Amino acid sequence: MFKDSSAGPVDPESNRQYSRFDQLNPQWWDLLARLTNSGEALPEHVRLVGNELEIPWFNRRLRLNPAERNLYFQPLTSASPSWQEGLVIMVLFKYLAAHRRLPPPSALSNENHLSGGPTFFRGPHLSASTLIARRFSAAGAQMLKQGELWGGRPACYGEFSLSFEVFPGLDWQVVLWEADAEFSARAQYLFDKGLEKVFPLDVIWALGNVIAAKLMNAGSVILRTEVQKTEIRF
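Numbering-wise, my numbering puts 966 at position 36 of the sequence shown, and it's gapless, one number per residue.
If you want it as structure tokens, here you go:
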């Protein structure tokens, strides 16, 4: 589905064959249609607005229209959800439809402590936290300011850190250590280990891409990595 490369992470948004929400799995759209029309109780934190479903998402309200196979922020803004953001949301709905709510909180983890994580999060699936470290290597305060635009709150990890409530019960931390005379900048993602019950590894990776894109002005940023010289588009 995505171009494989050993040179560095590959962003799904760069694959123009998969750029429209109607290209997401048709069974997921059918599931949303059933939730919209069944009259049954909806999963926790999901509400019906006319013929659309609405959820809280990154400190905004996001609506999904199964009939038109579209999703958008409400009120309408210039910031539209990305394709991989749609992927994450659809898989979240798949889980919520089956379990009604997210798993209870457990210990914080990172990608390398997930089952299969050390093998998966490398090469083309390298965590986008690498890009955050390069972008904000000497600008931790700017990272905090950027994160506030999407509901990020200062947290207590590293030198600079943000906590995002992606969805109620789904928090994601971004931790940054700025570069100094001795060490290069480093960034890390932290999230509840129970997230691996909700998402497969490729969707956790995609959510990391979404976080990085929001921090770096999604839709307009082109980065070139210093070491791998791999162009990453958000």
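Glycine included, every Cβ here is placed at the ideal spot set by N, Cα and C.
Since this is a predicted model, take the numbers as computed values, not measurements.
Cβ shell of residue i (< 7 Å), same chain only, five flanking positions each side left out
i: S1045; result: E1126
i: S1176; result: Outside the shown range of the chain, which is 931 to 1164, sits residue 1176, and nothing can be said about it.
Nearest residue (CA-CA) to residue i, options the options
i: V1021; options: G1099, W958, D1110; result: W958
i: Y1087; options: R1116, G1099, E1078; result: R1116
i: V1140; options: N955, P996, E1015, L1001; result: E1015
i: E1095; options: V1133, L1137, F1113; result: L1137
i: V1128; options: L1001, L1006, L1032, G1047; result: L1032
i: G1082; options: A1142, A1111, A1109, L1017; result: A1142
With 16 other Cβ atoms within 10 Å as the buried cut-off, status of residue i
i: T1060; result: buried
i: L1038; result: exposed
i: P1084; result: exposed
i: P1011; result: buried
i: S968; result: exposed
i: N1147; result: exposed
i: L1100; result: buried
Close beta carbons around residue i, own chain, < 6 Å, minus the five adjacent residues each side
i: R950; result: none
i: H1055; result: W1135
i: G1149; result: Note on G1149: pLDDT 34, under 50, position unreliable in the model; no value is reported.
Distance CB(residue i)-CB(residue j) smaller than 7 Å
i: R990; j: E984; result: no
i: N1040; j: Q1103; result: no
i: L954; j: A1027; result: no
i: F988; j: W1080; result: yes
i: F1050; j: L1131; result: yes
i: L1145; j: Q1076; result: yes
i: R999; j: E982; result: no
i: V1105; j: V1018; result: no
Any non-hydrogen atom of the ligand NAD closer than 6 Å to residue i Cβ
i: L1145; result: What this structure holds is no ligand at all, so the ligand NAD is not there to describe.
Chain-order list of residues whose beta-carbon lies under 8 Å from that of residue i (same chain, five-residue window excluded)
i: S1114; result: A1063, S1067
i: A963; result: P996, A997
Entirely within the segment 1067-1104 and at least 3 residues each: give me those beta strand (DSSP E) ranges in chain order.
-> Correct list: 1090-1097.
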